[in-house]
Amino acid sequence: MTQARLMDGTALARRIVEDTAKRAADLTERTGVAPCLATVLVGEDPASVTYVRMKQNRCRKAGIESRHVALPAATTNGELVATLRALSDDPAVHGILLQHPVGEHIDERAAFEAIAPEKDVDGVTFASFATMSFGLPGFVSCTPGGIMRLLDEYDVDPAGKRAVVVGRSAILGKPVGMLLLARDATVTYCHSRTRELSAVVREADVVVAAVGRPRLIRGEDVKPGAVVVDAGYNAGNVGDVDFDSAAERASLITPVPGGVGPMTIATLLEQTVDAAARQLGV
Ligand code: NAP
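Counting in this note's numbering, the sequence shown runs from 10 upward without gaps.
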């Protein structure tokens with residue numbers, strides 16, 4: 010088997026962001042209003058602070074305004090819900106991102122549901138999950154949406170293929186499986202209780218690893234010619250797939266970093282401009 014082709018998320022994300030920046034500039038010129046993303050962070054978890062700052066920087070470069078709401082770690086559920094409802098009602102805000110995780114004492118689902126669906130540019134509400142699952146227009150979860158764009162870019166049509174998604178989190182595993190199903194893949198979900206994970210993964214034409222365990226998926230688990238998407242990101246820039254051995258059997262594979270990661274922010278920016286365009290009626 011020859012070495013797999015790389016699925017270059019950095020290059021595709023750059024093109025999406027360039028296009029999004031042009032659309033943002035055009036929207037601002039036509040309406041006098043720049044698209045605006047509100048970011049909400051509870052507490053000061055260093056990784057979350059870095060992620061939010063990175064998203065704000067990217068917004069600025071793309072001509073999207075960002076409004077940051079920093080809440081103390083001791084914020085109550087009620088206070089967070091009230092903040093998100095106020096942003097949902099504010100016509101100057103077009104998209105809302107609640108940085109995850111929010112802390113153990115907070116009912117994350119209640120917080121997500123306080124985000125108006127038309128501003129749910131991170132695709133975390135029940136409403137967004139439903140439209141994703143039914144293949145209807147709406148906002149997708151950003152990482153799953155980015156994965157689908159990568160597959161499209163490399164002409165991987167999921168229809169009729171066996172897709173195995175390893176991981177079933179609400180923001181990643183579950184929605185990417187629903188997006189693949191909506192595109193007519195035959196989808197199997199694996200998780201921490203799955204028996205004989207390797208044997209299940211070996212059946213896959215498309216593997217999506219979304220676990221958070223370094224190099225869990227090994228080359229010998231990959232069917233020759235399969236497409237391997239590694240959404241995992243672990244300490245030391247290591248994915249959930251053992252890249253070197255998997256690349257010897259896969260036809261296409263995402264690197265870590267530079268595969269799925271850049272697609273997440275690109276999708277967030279694109280959906281923020283989509284939301285602004287809809288709300289401003291252009
Ligand atoms: P999560 O909420 O911790 O979910 C992990 C999932 O993996 C769970 O469904 C869990 O099963 C399953 N799992 C754990 N150990 C397993 C094992 N040994 N075998 C099979 N399944 C196992 O994580 P997440 O938020 O979805 O993130 C997953 C990974 O993606 C992380 O590395 C994260 O950093 C990365 N990520 C990347 C991006 C990006 O932009 N590139 C965005 C989000 C996340 P149970 O449900 O049974 O517990």
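Built from N, CA and C at the ideal position, the CB exists for glycine as well.
All values reported here derive from a predicted model rather than from experimental measurement.
> Does the stretch 74-86 come close enough to the stretch 260-274 that 3 or more CB-CB pairs lie under 8 Å?
Replying inline: no
> Does the beta carbon of Val-175 fall short of 7 Å from some heavy atom of the ligand NAP?
Replying inline: Yes, the Cβ of Val-175 comes within 7 Å of a heavy atom of the ligand NAP.
>> Taking 8 Å as the cut-off, does the stretch 125-141 touch the stretch 163-174 (at least 3 CB pairs, one atom from each stretch)?
In response: no
>> Relative to the C-alpha of Arg-222, which candidate in Glu-127, Val-236, Ala-244, Asp-35 has its C-alpha closest?
In response: A check of alpha carbon separations from Arg-222 across Glu-127, Val-236, Ala-244, Asp-35 identifies Ala-244 as the nearest.
> Can you tell me the Cα-Cα spacing of Phe-252 and Ile-156, whole angstroms?
Replying inline: Roughly 17 Å separates the two Cα atoms.
> In whole angstroms, what is the alpha-carbon distance linking Ala-256 and Leu-190?
Replying inline: Answer to the nearest angstrom: the Cα atoms are 25 Å apart.
>> With a threshold of 8 Å between beta-carbons, can Val-111 be considered close to chain D, or not?
In response: Judged by its chain identifiers, the structure shown contains no chain D, having just a single protein chain.
> For Thr-137, which three-state DSSP category applies?
Replying inline: Rather than Thr, the amino acid found at residue 137 in this sequence is Ser. Ser-137 falls in the helix class under three-state DSSP.
> What residues match up with Ile-105 in a beta bridge as DSSP calls it?
Replying inline: Listed as beta-bridge partners of Ile-105 by DSSP are Ala-47.
> Val-90 by DSSP, collapsed to three states: which one?
Replying inline: helix
>> Given 7 Å as the limit, tell me if Ala-172 has its C-beta closer than that to any heavy atom belonging to the ligand NAP.
In response: Not under cutoff, so the answer is no.
> So, Ala-194 versus Val-217, is the Cβ gap smaller than 8 Å?
Replying inline: no
>> With a threshold of 8 Å on Cβ separation, who are the neighbours of Val-291 within its own chain once the five nearest residues in sequence on each side are excluded?
In response: Leu-36, Arg-39, Thr-40
> If you pair each beta-carbon of the stretch 57-64 with each one of the stretch 84-104, do three or more pairs fall below 8 Å?
Replying inline: No, the stretch 57-64 does not touch the stretch 84-104.
> Out of Leu-225, Gly-169, Thr-19, Asn-246, which has the shortest C-alpha to C-alpha gap to Ala-213?
Replying inline: Gly-169
>> With a threshold of 7 Å (Cβ to nearest heavy atom), would Ser-201 be considered close to the ligand NAP?
In response: yes
>> Is it buried or exposed, Ala-240, if we count other Cβ atoms within 10 angstroms and call 16 or more buried?
In response: buried
> Where does Ser-207 sit, in a helix, a strand or coil, going by DSSP?
Replying inline: Assigned with DSSP and collapsed to three states, Ser-207 falls in helix.
> Between which two residues does the alpha helix (DSSP H) carrying Thr-40 extend?
Replying inline: 18-40
> Across which residues does DSSP place Tyr-198 in a beta bridge pair?
Replying inline: Under DSSP, Tyr-198 takes part in a beta bridge, and its partners are Val-174.
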